[in-house]
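Input: a single structure, listed below in structure tokens.
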Amino acid sequence: MHNESSNHKLEMQKTENSKQPLLANGVHETEDPLVSQLPKELIKYVEKPGQRKEAIAFVSRPPLYEGFHCCLSALLCCYSWSRMVVVKQGQIALTQFGDEPQLLGPGRHVLLSPWNELLAVKDETDQIIQHGPNFIIKVKRGELGYGIDLNDGHPILLSQGKHVIRSNTFLFKQFVTLRDRRTFLDQIEIIRVEMGIKECFSFWRDFFVDYLILTVPSSLSLLSLLKKKKGARWVGYCYRAGALTILEPGLHLIAPPDRFGDFLSTQLSIIDLPEGVHDTSDYVPLAIKAGE
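Set out below in structure tokens:
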């Protein structure tokens, strides 16, 4: 009976996954399409929401200590009113108790200790909430969160979703969209090489040429040459271990000691013109060799 119920649950999960809409690249909509386009060298540094299995650590007291705290607050009512903090729904209060940063959830809180200080009240909708080693980071769709693990210096890329991180060695840097040609992540950079505009329409160009070849046989030779001509596009070049490397369209990781060079258009060409002799206004012959 137990096996039948588990099999039924698996079938339900499969049907639900099959009903999820797909993006253009075949990735489920619930997945982050930006992660699937990253260079393979960076995939191992990507963290998904809930991967650390950490939750927001609000202040909690044992039952005995909580009862003592309530009684003391009632006895010192005037002092308690002056030290009361009201946290609304959808907010988080940041306090500092001695050398310990603390988080307070919604409700009424009395900070009885004179060493307990209210620093700020944040909305849960804020994209970044940081208090000491506590981080609450919300990554929007179409971007990645970039941080560094100071233990080993490796980058940490946070995918789309809500991340709760409690670490003394985590340092958050910025959000990146990878839309720029060069995205700098401190010493490393991600190079974005794009197709040319003409290359994007090469499918329709080839379709039109094939149609004319079938309908107008006399244009076969001319149109065949037109079809073989590639559209304009961009490539990049870099130096890996001192060797020149061509970067095709896509995202590429460049890390020291490798060095990125520049972008080049494949539409550029060099024509070697023959040498010519021309006379100046003083009838002095000059040999000229030009290039275009």
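Read in order, the letters of the sequence shown are residues 394 to 685 in our numbering.
All residues carry an ideal CB built from backbone N, CA and C; glycine is no exception.
In whole angstroms, what separates the C-alpha of residue i from that of residue j?
| i | j | result |
| --- | --- | --- |
| D579 | L640 | 21 Å |
| P432 | H671 | 55 Å |
| A448 | Q553 | 17 Å |
| S466 | Y472 | 8 Å |
| E668 | S674 | 20 Å |
| H547 | K437 | 10 Å |
| V557 | E440 | 11 Å |
| E536 | P499 | 30 Å |
| I530 | F565 | 9 Å |
| Y632 | E582 | 14 Å |
| A513 | S429 | 38 Å |
| A634 | F653 | 12 Å |
| G483 | T518 | 8 Å |
| T659 | R445 | 45 Å |
| L469 | G460 | 14 Å |
| L511 | D492 | 13 Å |
| R501 | K555 | 26 Å |
| G538 | L571 | 11 Å |
| D542 | D651 | 22 Å |
| C463 | D573 | 56 Å |
| R534 | L457 | 45 Å |
| V677 | T638 | 48 Å |
Going by C-alpha to C-alpha distance, which of the options sits closest to residue i?
| i | options | result |
| --- | --- | --- |
| T562 | D573, G540 and H556 | G540 |
| V532 | P642, T659, P548 and L427 | L427 |
| V480 | L468, G525 and D516 | D516 |
| G443 | R559, G460 and I521 | R559 |
| Q567 | L512, H502, S658 and L550 | L550 |
| M588 | E536, A648, I581 and F656 | F656 |
| A648 | E424, V514 and E434 | E434 |
| P494 | G483, Q484 and W508 | W508 |
| V452 | P678, V503 and R572 | V503 |
On the criterion of 16 or more Cβ atoms from any shown chain inside 10 Å, does residue i qualify as buried, or is it exposed?
| i | result |
| --- | --- |
| N544 | exposed |
| I681 | exposed |
| F577 | exposed |
| G629 | buried |
| T488 | buried |
| R575 | exposed |
| D425 | buried |
| G626 | The amino acid at residue 626 is misidentified as Gly; the sequence shows Arg. Classification of R626: buried, given that the 10 Å Cβ count is 16 or more. |
| K402 | Because the pLDDT of K402 is 41, which lies under 50, any placement of that residue in the model is unreliable, and the question is left without a value. |
Since residue i and residue j should fall inside the 8 Å C-beta cutoff, what is the C-beta to C-beta distance between them, to a whole number of angstroms?
| i | j | result |
| --- | --- | --- |
| H524 | I584 | With a Cβ gap of about 36 Å, H524 and I584 do not count as contacting. |
| V478 | L496 | That pair is no contact at about 12 Å. |
| V569 | G643 | Incorrect: roughly 16 Å between the Cβ atoms, too far for contact. |
| S475 | F490 | Their Cβ separation, rounded to whole angstroms, is 17 Å, which puts S475 and F490 out of contact at 8 Å. |
| I485 | I521 | Wrong, their Cβ atoms sit about 12 Å apart, outside the cutoff. |
| N527 | A450 | 7 Å |
Alpha helix (DSSP H) runs wholly inside the stretch 501 to 557, at least 4 long, in chain order: none
Segments of 3+ residues assigned as beta strand (DSSP E) that fall wholly inside the stretch 437 to 481: The stretch 437 to 481 contains these whole beta strand (DSSP E) runs: 477 to 480.
Those runs of the beta strand (DSSP E) which lie wholly inside the stretch 637 to 679 and span at least 3 residues: 643 to 647, 652 to 658 and 669 to 672
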